[in-house]
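A.B. asks: Below you will find the structure I want to go over with you.
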Amino acid sequence: MQEEPAQSHAPSGIASLPLLSWGSHIGQLYRSADDLRDVLVPYFQAGLDNHECCLWVTEAPFGADDARAALREAVPDLDAREQQGQIEIQDVRAFYAKGEALRADALIAGLLERERKALDAGYRGLRTNGNCSWVEKSQWDDFLAYESSVQQMVRGRRLICMCSYRHDGIDAAATREMLDRHQLVLRSAASDLDADMRSSAPTTEAQRDIDAIQAFAVLGHDLRNPLAAIGAGARLLRLGKLDERERAISETIGRSVRHMTALIDDISDASRSRLVHGMPLRLRHDGLEASLRHAVEELRLAHPHRQIELAMSIARPIATDPIYMARMLSNLVKNALTYGSQSAPVVVCVSDDDALVISVSNQGPVIPRELHARLFAPFTRGDVRDEQRGLGLGLYIVAEIARAHGGSVELKSDETETRFTFRMPAESASTAKIAGASAS
Numbered sequence: 221m222q223e224e225p226a227q228s229h230a231p232s233g234i235a236s237l238p239l240l241s242w243g244s245h246i247g248q249l250y251r252s253a254d255d256l257r258d259v260l261v262p263y264f265q266a267g268l269d270n271h272e273c274c275l276w277v278t279e280a281p282f283g284a285d286d287a288r289a290a291l292r293e294a295v296p297d298l299d300a301r302e303q304q305g306q307i308e309i310q311d312v313r314a315f316y317a318k319g320e321a322l323r324a325d326a327l328i329a330g331l332l333e334r335e336r337k338a339l340d341a342g343y344r345g346l347r348t349n350g351n352c353s354w355v356e357k358s359q360w361d362d363f364l365a366y367e368s369s370v371q372q373m374v375r376g377r378r379l380i381c382m383c384s385y386r387h388d389g390i391d392a393a394a395t396r397e398m399l400d401r402h403q404l405v406l407r408s409a410a411s412d413l414d415a416d417m418r419s420s421a422p423t424t425e426a427q428r429d430i431d432a433i434q435a436f437a438v439l440g441h442d443l444r445n446p447l448a449a450i451g452a453g454a455r456l457l458r459l460g461k462l463d464e465r466e467r468a469i470s471e472t473i474g475r476s477v478r479h480m481t482a483l484i485d486d487i488s489d490a491s492r493s494r495l496v497h498g499m500p501l502r503l504r505h506d507g508l509e510a511s512l513r514h515a516v517e518e519l520r521l522a523h524p525h526r527q528i529e530l531a532m533s534i535a536r537p538i539a540t541d542p543i544y545m546a547r548m549l550s551n552l553v554k555n556a557l558t559y560g561s562q563s564a565p566v567v568v569c570v571s572d573d574d575a576l577v578i579s580v581s582n583q584g585p586v587i588p589r590e591l592h593a594r595l596f597a598p599f600t601r602g603d604v605r606d607e608q609r610g611l612g613l614g615l616y617i618v619a620e621i622a623r624a625h626g627g628s629v630e631l632k633s634d635e636t637e638t639r640f641t642f643r644m645p646a647e648s649a650s651t652a653k654i655a656g657a658s659a660s
């Protein structure tokens, strides 16, 4: 079979989100068989029309026979495509044995093997959907770990994976955990999710910041879908022949999408910390140095006219969550770039002598001592240009990541420099009892 030309995006079949990037991991919250039919039939029809290999893992109230009959109405030659191996429609029990331990590694390996076979057969990639209503409460933590693995695994691959969750089958806390493990989430009834998210919120006056974070969290997840579509449109525009003015406009759109996506990431991290009682870490003894270097390189690319110096010396394995550590460093450097001197370098130092120490320093205005504590509270920000304006969550997230690792953040500011220093005893993360953490 002749190999299809490469694509950066694929048609989704979903009216509100016409294009999906390859390497997408998306969720769906549904209430009925109609919700599943309305999203998944056009989703798989688009995949088949785009010459993709498809896998549909079904569960009541829309089982394999129902799915096959509904899709056949949209794709008259469905039976022939099944016989050719372009699409497989299976009941969930063909993949997951009820009551048995979840084997995340085996499931991931199975997806990668299906992707390889699809590409070898000349298809553009692999499109999947799995109904997750079979997951029992005792399996939830293992399944979340699996979803986190899928989120990381799909990046850069010819995979589009959608997971469907029954809305009334998971509580508000589980809904938030699910939202955080997908790049975007489709849902049929916005008011229902909003009500569930609000139902568990503290109502005391002292917790007003939590209410605000919670409201922003719902809004943030609603914004991911249109943002993804706008970003995809901007990238497609840049592939065409544009004059100088048109290219500048498309690049401005791209920068705005990246800025808004960063704001949503801040919202997601803040809501995860405040509403699930701390950052749920995934500890490992490797990957820290690579993650920190990658964070610095990304910021250098994003700020080509600014100087970011990095001195790093990590001589031993330390149990951390590399993704969150990179997020912490990125927030500190962004803060220095925003509020520090525009002509002086931002200096990053990382060492692990008697403790893991990460410091970020910059020249610029002195931060008065009476403001130091306030800087780490949510929704606190200084005076900056509109295009640099955030939600005031960056340093709050830094403090929460530090706390989850059993570390601390110290601020010193004088006429010479402003320096933020994260410090964590080398054994702290591996010995602390951290809810939701797992060591590899």
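According to my numbering, the sequence shown is numbered sequentially starting from 221. Glycine included, C-beta positions come from ideal geometry on N, C-alpha and C.
Using three-state DSSP, classify F315 as helix, strand or coil.
C.D. replies: Position 95 of the sequence shown holds residue 315. Coil at F315, not helix or strand.
A.B. asks: To the nearest angstrom, how far is the alpha carbon of R475 from that of H525?
C.D. replies: As a working mapping, residue 475 is identified with position 255 in the sequence shown. As a working mapping, residue 525 is identified with position 305 in the sequence shown. Roughly 16 Å separates the two Cα atoms.
A.B. asks: Give the secondary structure of Q403 by DSSP, where H, G and I count as helix, E and B as strand, and everything else as coil.
C.D. replies: The count along the sequence shown starts at 1 and reaches residue 403 at position 183. Assigned with DSSP and collapsed to three states, Q403 falls in coil, not helix or strand.
A.B. asks: Who does F596 pair with in a DSSP beta bridge?
C.D. replies: As a first step, residue 596 must be located in the sequence shown, where it is residue number 376. In DSSP, F596 forms no bridge with anything.
A.B. asks: Are the beta-carbon atoms of A448 and L404 separated by less than 8 Å?
C.D. replies: As a position in the sequence shown, residue 448 is number 228, starting the count at 1. As a position in the sequence shown, residue 404 is number 184, starting the count at 1. Remark: C-beta atoms of A448 and L404 approach each other more closely than 8 Å.
A.B. asks: So the candidates are L275, R467, A235, E630; which of them puts its Cα closest to the Cα of C383?
C.D. replies: The sequence position of residue 383 within the sequence shown is 163, counting from 1. Nearest of L275, R467, A235, E630 to C383, Cα basis: L275.
A.B. asks: Is the beta carbon of F315 closer than 8 Å to that of L291?
C.D. replies: By 1-based counting over the sequence shown, the position of residue 291 is 71. By 1-based counting over the sequence shown, the position of residue 315 is 95. No, Cβ-Cβ distance for L291 and F315 is not below 8 Å.
A.B. asks: Can you grab the Cα-Cα spacing for the pair M417 / L256, in whole Å?
C.D. replies: One-based indexing of the sequence shown puts residue 417 at position 197. One-based indexing of the sequence shown puts residue 256 at position 36. Residue confidence is low: M417 scores 40 on pLDDT, short of 50, so the model does not pin down where it sits. No coordinate-derived value is stated.
A.B. asks: Buried or exposed: Q248, going by 16 or more other Cβ atoms within 10 Å of its Cβ?
C.D. replies: Locating residue 248 in the sequence shown gives position 28, counting from the first residue. It is buried - the Cβ of Q248 has at least 16 other Cβ atoms within 10 Å.
A.B. asks: Buried or exposed: which applies to K554, given that a residue is buried once 16 or more other Cβ atoms fall within 10 Å of its Cβ?
C.D. replies: Walking along the sequence shown from the start, residue 554 turns up at place 334. Buried is the call here.
A.B. asks: Three or more C-beta pairs closer than 8 Å, one from the region 334-346 and one from the region 355-368: is that the case here?
C.D. replies: no
A.B. asks: Whether or not the region 541-557 and the region 507-519 are in contact is what I'm after, with contact meaning three or more pairs of Cβ atoms, one per stretch, closer than 8 Å; do they touch?
C.D. replies: yes
A.B. asks: When the Cα atoms are used, what is the spatial distance from E308 to E302?
C.D. replies: Walking along the sequence shown from the start, residue 308 turns up at place 88. Walking along the sequence shown from the start, residue 302 turns up at place 82. Using only the alpha carbons, I get a separation of about 6 Å.
A.B. asks: From I450, I578, L346, A321, pick the residue whose C-alpha is nearest to that of G330; which is it?
C.D. replies: The count along the sequence shown starts at 1 and reaches residue 330 at position 110. Looking at the Cα atoms, L346 is the closest of the given residues.
A.B. asks: Less than 6 Å between C-beta atoms, sequence neighbours within five positions excluded: which residues of the same chain meet that for V277?
C.D. replies: One-based indexing of the sequence shown puts residue 277 at position 57. For V277, where only same-chain residues beyond five positions count, the Cβ hits under 6 Å are Q310, V312, F315, G350.
A.B. asks: Determine, using beta carbons only, whether V477 and I528 come nearer to each other than 8 Å.
C.D. replies: What you label residue 477 is simply residue 257 of the sequence shown in a count that begins at 1. What you label residue 528 is simply residue 308 of the sequence shown in a count that begins at 1. Not in contact: V477 and I528 (Cβ atoms no closer than 8 Å).
A.B. asks: Would you grab the beta carbon distance between R547 and I621 for me? Rounded to a whole angstrom, and I think it's under 8 Å.
C.D. replies: As a first step, residue 547 must be located in the sequence shown, where it is residue number 327. As a first step, residue 621 must be located in the sequence shown, where it is residue number 401. Contact flag correct, Cβ pair sits at about 7 Å.
A.B. asks: May I ask which residues mark the beginning and end of the alpha helix (DSSP H) holding T540?
C.D. replies: Your numbering for residue 540 matches position 320 in the sequence shown. Per DSSP, T540 belongs to no alpha helix (DSSP H) and is neither H nor E.
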